[in-house]
Amino acid sequence: MWPAHPLRAALFMLGVVVLLWLVELADRTVFVSLDPPQGLDDDGIVPRSLDGLGGILWAPLLHGGWDHLASNTVPLLVFGFLVLAGGLGQFIAVTATIWLVSGVGTWLIGSPGSTIGASGIIFGWFAFLLVRGFFARSFGQIVLAVVLFLIYGGLLFGVLPTNPGISWQAHLCGAIGGILAARIAVAADRRRVGPVGRPAGA
Numbered sequence: 083m084w085p086a087h088p089l090r091a092a093l094f095m096l097g098v099v100v101l102l103w104l105v106e107l108a109d110r111t112v113f114v115s116l117d118p119p120q121g122l123d124d125d126g127i128v129p130r131s132l133d134g135l136g137g138i139l140w141a142p143l144l145h146g147g148w149d150h151l152a153s154n155t156v157p158l159l160v161f162g163f164l165v166l167a168g169g170l171g172q173f174i175a176v177t178a179t180i181w182l183v184s185g186v187g188t189w190l191i192g193s194p195g196s197t198i199g200a201s202g203i204i205f206g207w208f209a210f211l212l213v214r215g216f217f218a219r220s221f222g223q224i225v226l227a228v229v230l231f232l233i234y235g236g237l238l239f240g241v242l243p244t245n246p247g248i249s250w251q252a253h254l255c256g257a258i259g260g261i262l263a264a265r266i267a268v269a270a271d272r273r274r275v276g277p278v279g280r281p282a283g284a
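Residue numbers (our numbering): 83 to 284.
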């Protein structure tokens, strides 16, 4: 339920967030000062455009301003820290699954324009944490899911098309990616541990 090394997990996530802030700083200072200005906000996911496919790789690293990034910072720290409970390898696999599903889904069904921001990852991590315990039949993880739902449950409204200018498609596809990642992670854990709690092959 908690990372085996909480301090390392916290420092890792702090490093991730610092990287995002440095990217935004470079976008707001270095890139916009070029002639002509080369702001990064247009390098996100542009739905159903071949030129916009590359944004699947970069969109979660880009934000539309300091307020946008600030609003994502705390959820990134909290959810990322908790996802690290499964270890760094699982964290990378879960994040990659969410990144891909959210990105491809947004490219397929998103609204016109460039979609940027880490919110697809955030919704994916949140969904992962909400359903993992039910897939794993873990009481501790279910309790954690209930606590997270009570604190952050309002986020789930973000998968609905209620706010113009906000990519609910990225949120929805990120959440789908998180559920898929939870299913895959739990299945992998069961294969590794074995059906009676022994390492596979024991």
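Think of the CB as a built atom: it goes at the ideal place given N, C-alpha and C, for glycine as much as any other residue. As the structure is a computational prediction, the values presented were derived from the model and not from experiment.
Contact check, G259 vs G206, beta carbons under 8 angstroms = yes
(request) Rank H87, W189 and A267 by C-alpha distance to the C-alpha of L132 and give the top, closest one. (result) W189
| So, are the CB atoms of G171 and I127 less than 8 angstroms apart? | no
N154, enclosing alpha helix (DSSP H) - first and last residue: W148 to V165
Is there at least one non-hydrogen atom of the ligand ADP closer than 7 angstroms to the beta-carbon of G169? Annotation note on the ligand ADP: not contained in the displayed structure, which lists no ligands.
Taking its Cβ as the centre, do 16 or more other Cβ atoms sit within 10 Å of D124, making it buried, or is it exposed? exposed
Buried or exposed: which applies to N245, given that a residue is buried once 16 or more other Cβ atoms fall within 10 Å of its Cβ?
exposed
*Out of A227, S201, L164 and G222, point me to the one whose CA is closest to F94's CA.*
L164
ask   = Where does T197 fall in DSSP's three states?
value = strand
Task: Runs of alpha helix (DSSP H) lying entirely within the segment 204–250, each at least 4 residues, in chain order - done: 221–234
_Using DSSP's beta-bridge definition, name the partner residues of I127._
T197
Assign P85 to buried or exposed, taking buried as 16 or more other Cβ atoms, counted over all protein chains shown, within 10 Å of its Cβ.
buried
When we look at the beta-carbon of V229 and count the other beta-carbons within 10 Å, is it buried (16 or more) or exposed? exposed
Query raised in the report: Helix or strand or just coil, what does DSSP make of V98?
Result: helix
Are the CB atoms of L237 and L226 within a distance shorter than 8 angstroms? no
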